[in-house]
Amino acid sequence: MAKTEQVGNTSNIHLRGMLLDVLELAFPPEEIGTDKLSQFYLELHQKEMAKKHGDYNLDTHLIRLFNLSRPYKHIIISGLHELAHHIEATLHGETKHQERFYGYLHQLMLTAMSMEIITKMDAIDEQANPDLDKLEKFFGKIAYWQFNKIPYKQNKCHIRILRAYEWRDILKGFGYSYLTLEQVWMKEFEIANQQVEVDALMALGIPKNNIVIQSATEIEADFFYYLVIRNAYDHREYLRSIGYRYGGYGKGDRNWVKKIMARDLAAEKELVANLMGVAAKVMR
């Protein structure tokens, strides 16, 4: 739990929708006796932190997730952790890392496994799941957890439009949502209708290569970071050669900036780790 600062963030309608689907299957409103559990907000932050992957604000019902350079399944598990805080806070007025909290997290994780959003292998990865020891203390080895599969969006697909600034108003009118940190427009469709939609998009002039179709059960996402290098005058030629732009992307007139995939952050930092006197950081 934490107080929040409303800066440098973005909502992610895709991930929130997925967490909401898990929540409503794990804790149906008619069984819980309230629909307040669905009243939460989600923000993803371009912020790398050493000691925590997310937090929950009891007063505003806001979940924040950090460290987007991690695999997407790890981010989902962090979302489930914070969602368990939301459940406990909503039902009991407080939330702590005690057995009741882990009971809620256990039910969320079982449900996500039954929907095939995450696997047992994801859950026993200590980097993905810092709660592993506590969950296994209260509920036994994850390898022995039992659940029945729940069909989840088997007939759905996502159409994602890349490099679509020129068509942004049209896509918004067509019901697409813009995912800021992924820099794509996305909408969910029945698989049977996907070709009709693709034909309509191409008729508008959107190149076929800009249109990506994914099964709705492909739980993956790629986020963008801006890596900013300061005090780098002596290294300008090297930085230019590996794709940095001086004063690029509106991140400061005297900064060298490169847009990278968040998952490439560690590798990119290695490229500049030995440059004398420079400071590299992720900028929103």
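Our numbering puts the first residue of the sequence shown at 2, with every later residue one more than the last. All C-beta atoms, glycine included, are put in the ideal place defined by N, C-alpha and C.
Going straight from the alpha carbon of residue i to that of residue j, what length do you get?
i, j, result
"residue 103", "residue 71", "23 Å"
"residue 123", "residue 258", "34 Å"
"residue 248", "residue 37", "46 Å"
"residue 158", "residue 189", "6 Å"
"residue 112", "residue 165", "35 Å"
"residue 144", "residue 203", "47 Å"
"residue 171", "residue 221", "26 Å"
"residue 163", "residue 49", "25 Å"
"residue 233", "residue 282", "13 Å"
"residue 21", "residue 175", "24 Å"
"residue 252", "residue 195", "38 Å"
"residue 147", "residue 84", "22 Å"
"residue 151", "residue 119", "13 Å"
Under the rule that 16 or more other beta-carbon atoms within 10 Å means buried, what is residue i, buried or exposed?
i, result
"residue 138", "exposed"
"residue 213", "exposed"
"residue 1", "Summary: the structure shown does not reach residue 1, with the chain confined to residues 2 through 285, and so no result is reported for it."
"residue 14", "exposed"
"residue 93", "exposed"
"residue 96", "buried"
"residue 80", "buried"
"residue 149", "exposed"
Secondary structure at residue i, three-state DSSP: helix, strand or coil?
i, result
"residue 25", "helix"
"residue 235", "helix"
"residue 223", "coil"
"residue 206", "coil"
"residue 279", "coil"
"residue 146", "coil"
"residue 13", "coil"
"residue 54", "coil"
"residue 110", "helix"
"residue 115", "helix"
"residue 153", "coil"
Kindly give me the distance between the Cβ atoms of residue i and residue j, rounded to whole angstroms, as I take these residues to be in contact under 8 Å.
i, j, result
"residue 231", "residue 280", "5 Å"
"residue 161", "residue 197", "17 Å between Cβ atoms; not a contact."
"residue 47", "residue 250", "Contact doesn't hold; Cβ gap of about 13 Å is too wide."
"residue 78", "residue 66", "Between residue 66 and residue 78 the Cβ distance is about 10 Å, and since that is not below 8 Å, they are no contact."
"residue 63", "residue 32", "That belief does not hold up - the Cβ atoms of residue 63 and residue 32 are roughly 25 Å apart, past 8 Å."
"residue 183", "residue 224", "6 Å"
Between residue i and chain D, is any beta-carbon pair separated by less than 9 Å?
i, result
"residue 33", "Given the protein chain composition of this structure (a single chain), no chain D is represented."
Whether or not the stretch 51 to 58 and the stretch 106 to 115 are in contact is what I'm after, with contact meaning three or more pairs of Cβ atoms, one per stretch, closer than 8 Å; do they touch? no
Can you find at least 3 beta carbon pairs, one from the stretch 230 to 244 and one from the stretch 267 to 278, that sit closer than 8 Å? yes
Would the stretch 217 to 227 and the stretch 145 to 159 be scored as touching if the rule is three or more Cβ pairs under 8 Å? yes
Just checking, does the stretch 80 to 90 make contact with the stretch 11 to 28 on the three C-beta pairs under 8 Å criterion? yes
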